[in-house]
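Heads up, the thing below is written out as C-alpha cells.
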Ligand code: FES
Ligand SMILES: [Fe+2]
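Residue numbers (UniProt numbering): 1 to 384.
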C-alpha cells in the first residue's frame with residue numbers, strides 16, 4: 001500500500017535536509033514571556049478557555065467496552081462521568097446529582113443499568129435522564145425533564161474519547177476540528193488497538209513545560225543524551241502546520257536507506273516517530289509499531305498532570321510479546337522522566353528573575369506554532 005502524498009513529501013524534505021545538513025526553520029526567533037509559566041491570571045484564563053472550550057482526550061474506546069460501561073475522571077477539575085449508552089453512543093455528564101449536588105458515582109469504572117445517587121437515591125439512566133426519585137410528592141410538580149444530568153459534548157473518533165468539559169450552548173463540529181489530522185489518525189487504526197498501560201503523573205511544573213517537551217527535537221541530544229539521542233537524527237525534523245494542530249516528524253537514522261529507492265516503494269512508519277499536537281493539550285505520539293496518547297492538564301500554576309496511554313496493536317499473545325512491550329514501556333518512562341526532571345528544575349528557577357522571556361529558536365518550530373495557536377484561543381481568534 002502506498003503512503004500519502006503528505007508522507008512522501010515529509011520523507012523528501014528530510015532526505016533533502018540530510019543531504020544539505022539543514023532542518024526545518026521558522027522565519028524568526030520567537031520570545032515568550034516567563035509570566036506564561038508563573039502568572040495565576042494567565043493560568044485562570046487558560047483554564048477558562050483552553051481547558052473548558054476545546055475537546056480533550058479522556059480515554060480510549062476500550063475503556064467503554066460495551067453499552068452501560070462507564071468511567072469517571074476528575075483530572076480537569078470537573079467531575080466527569082463518561083458512559084456508553086444502550087445505543088453504543090459515548091456520553092459525558094457532570095458527575096453531580098441535580099437534587100443537592102452529591103457525587104453521583106464514586107466508582108472509577110464499571111457497568112450499570114442506572115446511576116443512583118448515594119444521598120437520597122435519585123436515579124438517572126445512561127442518557128442522563130432523571131428516571132425516578134423517592135417520595136416524589138415532596139417535590140410538587142417539578143418537571144423531571146429539566147433535572148437530567150448536565151451533559152457535556154462527548155465524541156468517539158479514531159478510537160479515542162474526547163470531551164469538552166463545559167456545558168455552554170456552543171456546538172463543536174468535532175469532524176471539522178480534527179479534519180487536518182484525519183488522514184493520519186484514520187490510518188493508525190487506533191480503534192482496534194488495546195491499552196497496554198495507562199498512567200497519570202503529578203509533576204511539579206507548569207503545564208506548558210510538559211507540553212513543550214514534545215514540540216521540538218532540539219533537546220534530544222541534550223536531555224536524552226544516553227537514551228533517545230542516538231535513536232533519531234539530531235535536530236533534523238519536519239513540521240506540518242495543521243492549524244491549530246501540528247504534525248512533528250522525527251526521523252530515524254535508517255531513513256537514509258530510502259535515498260536509493262523510488263518514492264513509490266517508500267514506507268513511512270518504520271522511519272519516523274511522529275509527535276502530533278492536537279490543540280490544546282493532547283498528543284498522539286506515533287512510534288514505529290505502537291502509539292502513546294498524552295494529555296497534559298494544569299492543576300496549579302506550578303503543577304500539572306501528565307496523563308498517558310500506551311496503545312499497542314493487539315493484546316500480547318506470548319510472554320515474549322509481553323516482555324517486548326514492557327521493555328518499550330520502561331524505555332519511554334525513562335525518557336519522559338528525563339524531560340520531567342528538566343521541567344521541574346526549570347520551574348524552580350522561574351521566579352528567580354534570571355529570565356523575563358524564553359527564546360523559541362528557529363528550529364523549535366512546534367513551540368512557535370503551538371504557542372501562536374494558544375494565543376489565538378486566549379485572544380478569541382480561535383474556537384473549536
Ligand atoms: S443529592 Fe442526590 S438524591 Fe439528593
Ligand atoms: Fe524529551
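In this text, a Cβ means the ideal position worked out from N, Cα and C, and glycines have one as well.
On a predicted model such as this, the values are computed, not experimentally measured, just so you know.
Between the stretch 309–323 and the stretch 201–209, do at least 3 Cβ pairs fall closer than 8 Å?
no
Determine the DSSP secondary structure at residue 236, reduced to helix, strand or coil.
coil
What do you get for residue 135, buried or exposed, if any count of 16 or more other CB atoms within 10 angstroms of its CB means buried?
It is exposed - the Cβ of residue 135 has fewer than 16 other Cβ atoms within 10 Å.
In whole angstroms, what separates the C-alpha of residue 74 from that of residue 17?
44 Å
If you measure from each residue's Cβ to the nearest non-hydrogen atom of ligand 2, which ones come out under 6 Å, in chain order?
213, 219, 223, 224 and 339
Between which two residues does the alpha helix (DSSP H) carrying residue 181 extend?
174–188
Any heavy atom of ligand 1 within a distance shorter than 7 Å of the CB on residue 100?
yes
Among 382, 232 and 94, which residue has its Cα nearest to the Cα of residue 127?
Closest option to residue 127, Cα to Cα, is 94.
How should residue 183 be labelled, buried or exposed, when 16 other C-beta atoms within 10 angstroms of its C-beta is the threshold for buried?
Label assigned to residue 183: exposed.
Note the first and the last residue of the continuous beta strand (DSSP E) segment covering residue 250.
245–251
Taking buried to mean at least 16 other C-beta atoms within 10 Å of its own C-beta, is residue 5 buried or exposed?
exposed
In three-state terms, what does DSSP make of residue 332?
Per DSSP, reduced to three states, the secondary structure at residue 332 is helical.
On the CB-based measure, 16 or more other CB atoms within 10 Å of its CB, does residue 359 come out buried or exposed?
exposed
Any heavy atom of ligand 1 closer than 7 Å to the Cβ of residue 144?
no
So what's residue 370 in DSSP terms, helix, strand or just coil?
helix
Based on the DSSP secondary-structure assignment, which residues constitute the bridge partners of residue 33?
357
Going by Cα to Cα distance, which pick from 121, 154 and 112 is closest to residue 102?
Among 121, 154 and 112, the Cα nearest to that of residue 102 belongs to 121.
Near residue 355, what residues of its chain come up, given a Cβ to Cβ distance below 6 Å and the 5 sequence neighbours on each side ignored?
34
Buried or exposed: residue 381, going by 16 or more other Cβ atoms within 10 Å of its Cβ?
exposed
So, residue 364 versus residue 216, is the Cβ gap smaller than 8 Å?
At the C-beta level, residue 364 and residue 216 come within 8 Å of one another.
Compare the C-alpha of residue 170 against each of 152, 242, 28 and 180 and name the closest.
152
State yes or no: is the C-beta of residue 120 nearer than 7 Å to some heavy atom of ligand 1?
yes
If you run the structure through DSSP and keep just helix, strand and coil, what is residue 349?
helix
Which one or two residues does DSSP pair with residue 9 in a beta bridge?
Note: residue 9 sits in no beta bridge, so no partner.
Considering just the uninterrupted stretch of the beta strand (DSSP E) at residue 198, what are its terminal residues?
194–203
Decide yes or no for the touch test of the stretch 47–59 against the stretch 284–295: beta carbon pairs closer than 8 Å, at least 3 of them.
Contact between the stretch 47–59 and the stretch 284–295 is present, because at least three Cβ pairs lie under 8 Å.
For ligand 1, is there a heavy atom less than 7 Å away from the beta-carbon of residue 97?
yes
State the beta-bridge partners of residue 132 as determined by DSSP.
123
Alpha carbon to alpha carbon, what distance is there between residue 201 and residue 308?
So the two alpha carbons sit approximately 9 Å from each other.
Around the Cβ of residue 226, are there at least 16 other Cβ atoms within 10 angstroms (buried) or fewer (exposed)?
exposed
Residues bridged to residue 113 by DSSP?
Beta-bridge pairing links residue 113 to no other residue.
Do residue 366 and residue 232 have their CB atoms nearer than 8 Å?
no
Excluding the 5 residues preceding and the 5 following residue 228 in the sequence, name in chain order all residues of the same chain whose CB lies nearer than 6 Å to its CB.
220 and 335
What residues match up with residue 60 in a beta bridge as DSSP calls it?
According to DSSP, residue 60 bridges with 160.
Just grab the DSSP bridge partners of residue 304 for me.
Beta-bridge pairing links residue 304 to 203 and 298.
Label residue 331 either buried or exposed according to how many other C-beta atoms from any shown protein chain fall within 10 Å of its C-beta, with 16 as the threshold for buried.
Within 10 angstroms of the beta-carbon of residue 331 lie fewer than 16 other beta-carbons, which makes it exposed.
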